[in-house]
Every structure is written in structure tokens, then in C-alpha cells.
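In what follows, a single structure is set out as C-alpha cells and then discussed.
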Amino acid sequence: MTASPLPVGGRIRVDNVSHAFTTAGGEAPTVALENVSLEIGVGEFVALVGPSGCGKTTLLNAIAGLLKPLSGEVSINGDIVRAPSRHTGYIFARDALMPWRTARENAEIGLELRGVGRAQRRERATATLESVGLAKYAHAYPRQLSQGMRQRVALARTLATDPDTMLLDEPFAALDAQTRIRVQAEFARVLEGSGKTVVLVTHDLAEAVLLADRVVVLAPSPGRIVCEVTVDLPRPRDVETLRFDPRYQQLHEELWLALKEAGHDHD
Ligand SMILES: Nc1ncnc2c1ncn2[C@@H]1O[C@H](COP(=O)(O)OP(=O)(O)OP(=O)(O)O)[C@@H](O)[C@H]1O
Ligand SMILES: [Mg+2]
8 MTASPLPVGG RIRVDNVSHA FTTAGGEAPT VALENVSLEI GVGEFVALVG PSGCGKTTLL
68 NAIAGLLKPL SGEVSINGDI VRAPSRHTGY IFARDALMPW RTARENAEIG LELRGVGRAQ
128 RRERATATLE SVGLAKYAHA YPRQLSQGMR QRVALARTLA TDPDTMLLDE PFAALDAQTR
188 IRVQAEFARV LEGSGKTVVL VTHDLAEAVL LADRVVVLAP SPGRIVCEVT VDLPRPRDVE
248 TLRFDPRYQQ LHEELWLALK EAGHDHD
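The opening residue of the sequence shown carries number 8 in my numbering; numbering runs sequentially from there.
Below, the structure is given as C-alpha cells:
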């Protein structure tokens with residue numbers, strides 16, 4: 008018997024992307040990204056960190072096809088990204104669940120939009136809810152779930168459509184410290200070995216080091232990449248205990264210094 012092939016993630020290429028926003032007031036435009044180039048391999052987990060306003064969300068939006076950069080281009084698996092793709096999943100800080108739908112009905116949304124039949128939809132949504140530890144809550148409404156559970160429903164909803172690439176913009180930002188650690192561990196468990204390519208935007212250096220294969224640091228004005236650090240911690244990682252590992256602490260400190268430098272005003 009041959010093993011079934013692993014699902015294949017997207018290979019992302021950001022090529023010399025620049026973007027600026029103009030305001031109605033007629034002030035000088037904000038250069039959100041300047042000559043940003045980045046390659047992310049199939050199945051790689053990359054975290055984007057940097058001070059507020061350095062262009063993390065703008066870059067993620069460009070990769071998602073939600074924003075067309077003024078110059079440069081983004082491609083996934085060789086195809087230039089011009090619009091949102093069904094192969095790319097996106098999760099925001101706030102879960103954006105529909106309050107009138109149960110967890111399972113929320114998890115079905117992506118499949119519904121793709122015209123997947125009811126029975127198959129249910130089966131997939133039930134399975135992905137189970138994979139994020141929410142099997143018992145399939146019939147609960149968002150108001151009956153904690154914020155951490157709601158983020159996991161959002162994850163299930165995205166996983167149900169089996170995207171090659173997952174783009175996460177501060178998905179744990181609204182969670183309290185304890186819940187955040189548990190949900191991070193859950194995300195790591197579900198995504199590790201899934202073969203999916205993941206790009207995670209976060210303010211939290213600990214989160215970046217615990218979850219990513221590589222951490223890319225951006226600096227603002229203009230938004231640009233200033234350095235990157237490869238996280239050579241073995242997998243699977245136990246995110247609940249890893250923070251006591253000396254190598255983890257070393258990487259954390261290295262990034263902390265890079266971030267401090269990135270936050271300085273270079274104008
Ligand atoms: N729609 C917009 N209109 C005008 N300016 C914008 C718009 N979106 C972003 N900007 C500006 O572009 C820059 C980069 O914004 P972006 O949201 O990408 O930063 P970020 O790194 O995600 O910040 P944060 O960590 O606060 O989420 C900022 O100076 C921001 O004010
Ligand atoms: Mg942002």
C-alpha cells in the first residue's frame with residue numbers, strides 16, 4: 008500500500024513590492040512597503056513581526072490578493088496574485104463568525120461559497136471542528152463560546168476548505184495570556200506536518216519563535232524588511248514548555264534586539 012501524498016502548500020514569491028497610501032488631506036503619501044522581496048517555501052511557516060505601521064497587514068493583503076501593490080508583484084506557485092484565491096485562507100484578529108449560525112454552520116461557510124453539497128459540507132465541517140478540539144461544541148452559537156473557541160472555529164472554517172496557504176493576521180491578539188498559549192498550541196498541533204504554507208503576522212515575539220520556521224522583521228517609514236532569523240528549534244514543538252529552552256531564549260533575545268533597532272526612527 009502506498010501512503011497518500013501530503014497536501015502541498017503554496018510557494019510564495021514577493022518580488023520587489025512597493026505600496027503607498029495617499030490621504031484625502033493632501034499630505035505626503037505613507038510608504039507602507041518599499042522594495043519588499045520575500046520567498047516562502049512550500050510548507051514553510053513564516054512569521055512577520057515589526058512595530059505598528061511597518062506594513063505587515065499591507066504585505067499580507069498583497070499576498071492574499073486583497074490589495075494590488077503600486078509596483079512589484081506577488082506570485083503563488085508561479086501564478087501572479089491578482090485577486091483572492093480559493094487556495095489561500097485568511098484569518099483575522101477578530102473571528103468574524105456569524106452570530107446566528109452554530110459553530111458547525113460557521114465552519115461550513117467557505118464550503119458553501121464553493122458550492123459543496125450539504126452532506127459533504129457537514130461531514131468536512133464536523134471533521135475540522137474535531138481537529139481543533141471542538142467536536143462537542145458543533146451546535147453551540149458563537150455567543151456560547153469563549154474567544155479562544157471562536158478563534159478555533161475560525162481556524163476550522165479555513166481548514167475546511169483545505170487551502171494550500173494560510174495567512175493569519177494577529178489571530179490570537181484578542182485572547183488573554185493563558186488562552187493564547189492554549190490556542191497557539193492547538194494551532195501548532197493542527198498545522199504542524201499539514202504541509203500548508205503559513206504566514207503569521209504577530210506583535211508577539213514569543214509567539215513568532217514558538218510557531219515559525221523563520222521570523223522576518225520589518226521596520227516602518229518606509230515599510231521594509233530589515234532582517235530575518237531562522238528558528239532552528241526541532242519539531243514537533245511543545246509550545247507550552249519551549250519558552251524555558253535556552254535556544255528559544257537566545258532566539259527571542261536576538262529578535263528583541265532586532266525589533267528594538269527596527270523601532271528606531273531612521274528618517
Ligand atoms: N487604507 C489605508 N489608508 C491609508 N493609510 C493606510 C491604509 N492602510 C494602511 N495604511 C498606512 O500604511 C502603513 C502600514 O500599515 P499596516 O496596516 O500595513 O501596518 P501594520 O504593520 O499591519 O500595523 P499594525 O501592527 O498596527 O497592525 C501605516 O502607516 C498605515 O497608517
Ligand atoms: Mg496590521
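Don't be surprised by glycine CBs; every beta carbon is placed ideally from N, CA and C.
Check, Outcome
"From this set, R129, L40, V53, I98, which residue's C-alpha is nearest G79's C-alpha?", "L40"
"By the three-class DSSP mapping on this structure, what secondary structure does V123 have?", "coil"
"Measuring CA to CA, which of V223, Q185, E177, P170 is closest to L198?", "P170"
"Expressed to the nearest angstrom, what Euclidean distance is found between the alpha-carbon atoms of T9 and F28?", "Legend: pLDDT at T9 = 48, less than 50; position of this residue unreliable, value from coordinates given subsequently. Each residue's Cα considered, the two are about 52 angstroms apart."
"For T135, collect the residues of the same chain with a Cβ closer than 7 angstroms to its Cβ; drop the 5 residues on either side in sequence, then sort them by chain order.", "A114, A163, L166, A167"
"With distance defined between alpha-carbon atoms, name the residue in G200, D176, L217, L174 nearest to Q191.", "L217"
"With distances taken from CA atoms, which of G155, T133, A103 is nearest A145?", "T133"
"Counting along the chain, where does the beta strand (DSSP E) carrying V231 start and finish?", "Note on residue identity: the sequence assigns Arg, not Val, to residue 231. 231-237 is the span of the beta strand (DSSP E), which, as asked, contains R231."
"So F28 is in the beta strand (DSSP E); what residue range does that whole segment cover?", "19-28"
"Within the chosen definition, does the segment 44-52 reach the segment 213-233 through at least 3 CB pairs nearer than 8 angstroms?", "yes"
"Assuming L174 contacts G96 (C-beta within less than 8 angstroms), just tell me the rounded distance between them.", "7 angstroms"
"Alpha carbon to alpha carbon, how far is C61 from D274? Give it in angstroms, no decimals.", "At D274 the pLDDT is 43, less than 50, meaning the model places this residue with poor confidence and gives no usable figure here."
"Would V15 and V43 qualify as a contact pair, given that the criterion is a beta-carbon distance under 8 angstroms?", "no"
"Report the CB separation of T248 from G17 in whole angstroms; it is logged as a contact under 8 angstroms.", "Wrong, their Cβ atoms sit about 31 angstroms apart, outside the cutoff."
"Measure the alpha-carbon distance for L66 versus G124 and round it to whole angstroms.", "34 angstroms"
"Report the partner residues of T204 according to the DSSP bridge assignment.", "T172"
"Which residue wins for smallest C-alpha separation from F99, given the options E177, P76, W107?", "E177"
"When you compare the CB positions of V160 and L120, do they come within less than 8 angstroms of one another, or not?", "no"
"Under the assumption that C234 contacts A265 (Cβ atoms under 8 angstroms), give the Cβ distance between them as a whole number of angstroms.", "5 angstroms"
"Can you tell me where the alpha helix (DSSP H) with G155 in it begins and where it stops?", "154-167"
"How big is the Cα-Cα spacing for S11 and S228?", "Bear in mind that a pLDDT of 47 at S11, under 50, signals an unreliable position, so the number given afterwards is only what the model happens to contain. Going from the Cα of S11 to the Cα of S228 covers about 47 angstroms."
"Flag K63 as yes when its Cβ comes closer than 7 angstroms to any non-hydrogen atom of ligand 1, and as no otherwise.", "yes"
"On the CB-based measure, 16 or more other CB atoms within 10 Å of its CB, does R128 come out buried or exposed?", "buried"
"Can you tell me which of the three DSSP states L264 falls into?", "helix"
"Rounded to whole angstroms, what's the CA-CA distance from R179 to Q158? Just pull it up for me.", "Rather than Arg, the amino acid found at residue 179 in this sequence is Phe. Their Cα atoms are separated by approximately 8 angstroms."
"When you compare only the Cα positions, how much space is there between R89 and A35?", "27 angstroms"
"Let's test the definition: count the other Cβ atoms within 10 Å of the Cβ of K267 and tell me whether it reaches 16, buried, or not, exposed.", "exposed"
"Restricting to runs no shorter than 4 residues, where is the alpha helix (DSSP H) found entirely within the segment 76-130?", "110-114, 116-120"
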